[in-house]
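S.K.:
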Amino acid sequence: MMCRKYITLIGFCFFILSCSSTQKGLFVKRTPHEKYADKLAGAGLVQTTLGSKWLAAATKGIQQPLNIALPYKEAGYFSDIMPDAAGFRFNARHGEQVNILVETKPAGSIVFADVWIQTEQGTLSFLQSADTTGNTLQFEATKDALYQLRIQPQLLAGVSYTLTIKTTPSLAFPVPSDASPKIGSFWGASRDAGARSHEGIDIFGRFRTPVVAAANGVVTSTRNNNLGGKVVFMRPDNKNYSLYYAHLDSQMVSAGDRVTTGDVLGLMGNTGNAKNTPTHLHFGICTNSGAVDPLPFVNNSRPAPETIKASLTVVDSLVRNSRDALMYATPSAKDGAGSKIPHNTLMKITAATGAWYKVKMMESGKEGFVRSDAVSLLARPIRTIAVSNIATVFDIPDTTAAVKFVLQDKREVAVLAESGNFLFVAQDAGNGWMARPVKK
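Positions -24 to -1, 1 to 416 (mature numbering (1 follows the signal peptide of the UniProt record, and there is no 0)) are the ones given, in order, by the sequence shown.
(1) Kindly give me the distance between the Cβ atoms of Thr326 and Asn297, rounded to whole angstroms, as I take these residues to be in contact under 8 Å.
(2) If Asn276 sits next to Phe149, beta carbons under 8 Å apart, how far is it from one beta carbon to the other, in whole angstroms?
(3) Specify the secondary structure class of Leu(-8) as computed by DSSP and reduced to three states.
(4) Please state the DSSP three-state secondary structure of Ile38.
(5) According to DSSP, simplified to helix, strand and coil, what is Pro272?
(6) Please report the distance separating the alpha-carbon of Phe(-10) from that of Gly330.
(7) Exposed or buried, which one is Ser230 when buried takes at least 16 other CB atoms within 10 Å?
(8) Where DSSP assigns a beta bridge to Gly63, which residues make up the other side?
(9) Give the DSSP bridge partners of Arg172, in chain order.
(10) In this structure, what does DSSP give as the bridge partners for Leu322?
(11) Assign Gly406 to buried or exposed, taking buried as 16 or more other Cβ atoms, counted over all protein chains shown, within 10 Å of its Cβ.
(12) For Pro145, does the three-state DSSP call read helix, strand or coil?
(13) My output table needs one value for Leu10: the three-state DSSP class, helix, strand or coil.
(14) Quick check: what's the CA-CA separation for Leu392 versus Gly98?
(15) Quick one: grab the DSSP three-state call for Gln(-2).
(16) On the premise that Leu354 lies in contact with Pro294, defined as a C-beta separation below 8 Å, what is that separation, rounded to the nearest angstrom?
(17) Can you give the Cα-Cα distance for Phe209 and Gly260, rounded to whole angstroms?
(18) Considering only the alpha carbon of each residue, which of Gly341, Asp154, Gly176 and Asn264 lies closest to Lys36?
(19) Could you check what DSSP says for Asn202 in three-state terms: helix, strand or coil?
(20) Are the CB atoms of Tyr12 and Gln130 within a distance shorter than 9 Å?
(21) Enumerate in chain order the residues of its own chain whose CB-to-CB distance from Ser348 is below 8 Å, with the five nearest sequence positions on each side excluded.
(22) Which one of Thr236, Ser226 and Asp233 has the shortest CA to CA distance from Met244?
(23) Would you decide whether Pro82 is buried or exposed? Buried here means 16 or more other CB atoms lie within 10 Å of its CB.
Put into structure tokens, the structure is as follows:
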């Protein structure tokens, strides 16, 4: 592959460019989220119960993200009385542009968004941040990797939000759409009876179809060789890779020419080792470490996020599963086995995505996804029991928690849901948790 001859030159240029940024780490800016946390600390609020819960939620959003696949869309709610944050982990391909949009109600509500990339060592490296008073958060994936997003509102802010994450190509397609180009061979396909693999994509079209610059940049080389035939190399502006156009019938540019996106670089043909194949463009991308799959850079055929079908009226509501149900780590039953949720378990819906609800278990705090048709509101009790002795009702399923009220002997109470060793009950004094009576 011709890319290999350019690796040394690319590496040298990248070294020169990187030298100017070696001191960047000495002047790291505080993110909007960090600046807000500093204000809370300055006001003495981090020592309060709510302030400490806000910081704990921020940590949870980083350490316990839920796995999603892009494109993704969810609608949720952050309570003003219980600080929370939402964390997401997703894959992105080298060359994709990731677009993150957080829309909020009421208008003007601030939700902080922070993005990290997971390193090969498993640690997180900060990438970008924003708050929703600005524009869509965007970044280009510079490697195939796992990325993490955390969103969190300000303290004491009740916010409804819609989160949309989708990808777009970072480069234009190298053949005009009106030429009806078709990709007929992909990265990794076997070549020469398995002696090598395809380091690019083949885009088929009519003979002498124009091939165009996929970005603004400079033509670095035009050549004619046995493998690629008539080829053109160009370097996009501010990138550490080169674009490779091969098997051209004609080259329409020269080394040193400055081009803009859509400028014609040459005409499609079948020169070089493609002389016995149909007319096509071999399009490749050369980096400092070798060729990479160009498809994520130019693929403009991408699905839209799934429409939210689950009802939004129950978001931020307490529900129970109306039958034995499964909770999944992702909103898809295809991505692994779910964990069984016992019948009538209490959970809180925090968001909706597709035909799924994102839920939080009330006793363990564990989060995951359940099918929207597997849960129901607490409209009617599942049964009524009589208290045989004095029973204490707590505000959370924990006998060391604050006491809400006490039930007297022989008093009837409605059971709305269950969770482990506790019952969620309703009585004139309100709702709360009592220890499950011991069966005699």
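Backbone N, C-alpha and C fix where the C-beta goes; we use that ideal spot for every residue, glycine too.
Source: prediction; values computed, not measured.
M.R.: The short version:
(1) Actually they do not touch by this definition, with Cβ atoms about 16 Å apart.
(2) So it is a contact: roughly 6 Å between Cβ atoms.
(3) Note that Leu(-8) has pLDDT 34, beneath the 50 cutoff, so the model's placement of it is unreliable and no number is given.
(4) Looking at Ile38 - three-state DSSP - the assignment turns out to be helix.
(5) The DSSP-derived three-state label of Pro272 is helix.
(6) Here Phe(-10) scores only 36 on pLDDT, less than 50, and its place in the model should not be relied on; the value that follows carries that caveat. Phe(-10) and Gly330: Cα-Cα distance of roughly 46 Å.
(7) Result: exposed.
(8) Answer is Arg126, bridged to Gly63.
(9) According to DSSP, Arg172 bridges with Arg167.
(10) Leu322 is bridged by DSSP to Arg296.
(11) The residue is exposed, with fewer than 16 neighbouring Cβ atoms inside 10 Å.
(12) Note: Pro145 maps to strand in three-state DSSP.
(13) It should be noted that the sequence gives Glu, not Leu, for residue 10. Helix, per DSSP.
(14) Answer to the nearest angstrom: the Cα atoms are 42 Å apart.
(15) Here the model assigns Gln(-2) a pLDDT of 39, short of 50, so the residue's position is not dependable, and the following value carries that caveat. Three-state result, Gln(-2): coil.
(16) For the sequence presented, residue 294 should be read as Leu rather than Pro. Between Leu354 and Leu294 the Cβ distance is about 6 Å, and since that is below 8 Å, they are a contact.
(17) Within the model, the alpha-carbon separation for Phe209 versus Gly260 is close to 10 Å.
(18) The shortest C-alpha separation from Lys36 is found at Gly341.
(19) Coil at Asn202, not helix or strand.
(20) For the pair Gln130 and Tyr12, the CB atoms are nearer than the 9 Å cut-off.
(21) Cβ within range, chain order: Lys285, Ala286, Ser287, Ala328, Ala331, Trp332 and Tyr333.
(22) The candidate whose alpha carbon is nearest that of Met244 is Ser226.
(23) Classification for Pro82: exposed.
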